[in-house]
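Residue numbers (this note's numbering), protein chains in the order written: chain A, 4 to 350; chain B, 9 to 392.
Structural data, given as structure tokens:
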């Protein structure tokens, strides 16, 4: 892999090449992962993306999938943050990590530009030191590393607003006129947008151009009825003109592929990935109705997370996007709604 | 309270109200219930409640509990309510709460009900419905003044109040949760009734199964899937082979769309996709039903349990294997057998609490979890 990475992310995609790579990768995983073979014992070849095998995103909470093939060296486990009890685990390998890093950097440069600036991360540096494991939050932050001239962690000792090192922020604002800041959406809201910014820091921030980047979902903000416009406005209120806010959607189970929100409100699929929307009751692909998003990419060599059926709802949108990007695009509609379990058993 | 004494054969029950009028009041409610469906209830739950409060049904329960025909001059019994009741409802959404409340109301005693603090329950909306639609002053007055439902957590001091005041404590939940309730200080002559976590399964003879019984089995399963304590979590095909199990699965799949007419919610369909994959890894042969409505897994007793809220396993087994593999908390066996009574000696050696035709698996009654709990709400006075 992959000649597809050689061109800009939103240049026209060659479906034949991508399908060929996905077929080869599917066979690679079927040969190297017996459990995957049990799920898809009869797969031979797909003639279209919809025929490719996939794993439901939930299986990654149940089992640490691993493909044993020559040249694959598994390094560490990527764990999602979980609000529902169990976390997904994805085994990362050297080769895939390199490709995934190239992929996310290329996508982010398309949205943020190529300029480097100090990267501020709303996390604690200790999270980087855990042996053998890395969190989804840290992985998302480190996807911005190629755009960073320096790296700084702003939380010291905890996850709450009071642990944010405003002193460090002030120091960086004095030294630089442009900063790049990443945080999980909810963290950015509670520590920065709603945080008690010291007045002297606020003065400095208003002279600093900040590109805010966030990911991690809107569930908590929806619960307190904060809209995207309110979120963005709160962040930009304490930043210099020319500052921006970028939201991207991604999964640990599709590490390396992220979907920034474009100016027209859509998510664009890079040429080295593919997205389908499936009907939950039939799994038939849908061209415009909303359904379950299936995300695919040929970068995952160490475990079969190259084709994942998610419980996120979306709909494909045809035609040329006003933002100018080419290729597939979709509208992200949110997590699948759930209902309370009914019955007397303790399941 | 009146001094009404109700005869039941040669026994008597001191109920303190006009029983016929009370039964008529419940029955009259049904005409209104069939025209409404409160949004908290599913169609199946509401339909079951409509059947439950019918006069013949409630009368049969009362007669099963109290009636006796003793020879003239022989001993007989007078049943009288023990006293106030305290009910701790399950933490999940279960029809057992309203059903127990309906039966408990026949004691004529005050009832204090604790609903779960974190999840919705069906008791409160049912009582609200009753207060709006019951036309009989006597029953409405009883429900309004004597039946109280509150929502608080396990640490709330009202738990202790309830235990201290009640002559009967009825607790739903895990063994640990129920033990904690019954450990609360309580009157020395009070009693505790436990409805714990149980599971159920279906036993079939391949030769005794026809399309009608399979349609019933599918419908019974689909009401709650694995979430119902009376739902068949697995089907044991007694004396059958692997091929018989596959054949049974194919027959059920062929009948599925006749039995299940509505789509399941999207997240359940998604969950079935997920568990079809998990179960394949575990070695099950998975048959996904139409529109991802459920999973049937064909396999053997030595496989890990089939996972998923709408999954049901078909496993061939000899009778002795079926008995040996029963879970400790088995409740109901729903059967479709050539000769069910021939299994009585085997059942006597197990913990099985109910052995009923498949169609009756969800039928709640006064005998539950191995005891006539309804009779326990009353003292029995020996009359000579």
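Built from N, CA and C at the ideal position, the CB exists for glycine as well.
Being a predicted model, the structure only gives us computed values, none of them experimental.
Which value, in whole angstroms, describes the spacing of the CA atoms of residue 212 of chain A and residue 221 of chain A?
25 angstroms
Drop a sphere of 10 angstroms on the beta-carbon of residue 301 of chain A, count the other beta-carbons inside from all chains shown, and report buried for 16 or more, exposed for fewer.
buried
Compute the distance between the beta-carbons of residue 321 of chain B and residue 314 of chain B, then report whether it is under 8 angstroms.
yes
Helix, strand or coil for residue 2 of chain A, going by three-state DSSP, please let me know.
This structure cannot speak to residue 2 of chain A, because chain A is shown only from 4 to 350.
What does residue 36 of chain A reach in chain B if we use C-beta pairs closer than 7 angstroms?
Those do not exist, as residue 36 of chain A stays about 10 angstroms from chain B at its closest Cβ, beyond 7 angstroms.
Skipping 5 residues on each side, what residues in its chain have a beta carbon closer than 8 angstroms to that of residue 343 of chain A?
none
Apart from the five residues on each side of it in sequence, which residues of its chain come closer than 6 angstroms, Cβ to Cβ, to residue 9 of chain B?
Since pLDDT at residue 9 of chain B reaches only 42, below the 50 mark, its modelled position is unreliable, and the value read off the structure follows with that caveat. So the list reads 24, once near-sequence residues are dropped.
Hey, could you find the ends of the beta strand (DSSP E) residue 313 of chain A is sitting in?
310–319
Partners in chain B for residue 62 of chain A, counting only beta-carbon separations shorter than 9 angstroms:
282, 285, 286 and 289
In the DSSP assignment, what residue or residues form a beta bridge with residue 217 of chain A?
A/186 and A/250
Under the three-state reduction of DSSP, which class applies to residue 315 of chain B: helix, strand or coil?
coil
Taking the runs of the beta strand (DSSP E) that are 3 residues or longer, which of them lie wholly in the segment 177–239 of chain B?
199–203 and 207–213
Under 8 angstroms, Cβ to Cβ, is there at least one residue of chain B near residue 42 of chain A?
yes
Residues that residue 84 of chain B bridges to, as DSSP identifies them:
B/391
Can you give me the Cβ contacts of residue 75 of chain B inside the same chain, cut-off strictly under 6 angstroms, excluding the 5 residues immediately before and after it?
16 and 17
Among the candidates A/312, A/347 and A/320, whose CA atom is the shortest distance from the CA of residue 54 of chain A?
A/312
Whose C-beta lies closer than 8 angstroms to the C-beta of residue 336 of chain B among residues of the same chain, with five residues either side of it excluded?
359
Taking only beta-carbon atoms, is residue 275 of chain B less than 8 angstroms away from chain E?
Although the question refers to chain E, the structure presented lacks it and instead comprises the protein chains A and B.
Can we say the segment 274–282 of chain B touches the segment 277–287 of chain A, given the rule of at least three CB pairs closer than 8 angstroms?
yes
Nearest by alpha-carbon distance to residue 8 of chain A: which of A/79, A/259 and A/152 is it?
A/259
Can you find at least 3 beta carbon pairs, one from the segment 208–218 of chain B and one from the segment 333–350 of chain B, that sit closer than 8 angstroms?
yes
Please tell me whether residue 115 of chain B and residue 89 of chain B are closer than 8 angstroms, where the distance is taken between their beta carbons.
yes
Under 8 angstroms between C-beta atoms, does residue 285 of chain A make it to chain B?
yes
With distance defined between alpha-carbon atoms, name the residue in B/246, B/344 and B/48 nearest to residue 329 of chain B.
B/246
Chain A contacts from the segment 295–318 of chain B (Cβ-Cβ distance under 7 angstroms):
299, 300 and 317
In this structure, how does DSSP classify residue 380 of chain B when only helix, strand and coil are distinguished?
strand
Within 8 angstroms, do at least three Cβ pairs link the segment 235–251 of chain A to the segment 287–303 of chain A?
no
At 8 angstroms on the CB atoms, spell out the chain B contacts of residue 59 of chain A, in chain order.
278, 281, 282 and 285
Work out the CA separation of residue 264 of chain A and residue 323 of chain A for me, nearest whole Å.
15 angstroms
Given a threshold of 16 other Cβ atoms within 10 Å of its Cβ, counted over all protein chains shown, does residue 43 of chain B qualify as buried or as exposed?
exposed
When you compare the CB positions of residue 256 of chain A and residue 185 of chain A, do they come within less than 8 angstroms of one another, or not?
no
Would you say residue 314 of chain A lies against chain B (beta-carbon separation less than 8 angstroms)?
yes
By the criterion of Cβ-Cβ separation under 7 angstroms, what are the contact partners of residue 295 of chain A in chain B?
278
Pull up the DSSP beta-bridge partners for residue 21 of chain A, would you.
Partner(s): none; residue 21 of chain A has no beta bridge.
Inspect the beta-carbon positions of residue 147 of chain B and residue 38 of chain B and report whether they are closer than 8 angstroms.
no
Looking at residue 216 of chain A and residue 147 of chain A, is the spacing between their C-beta atoms short of 8 angstroms?
yes
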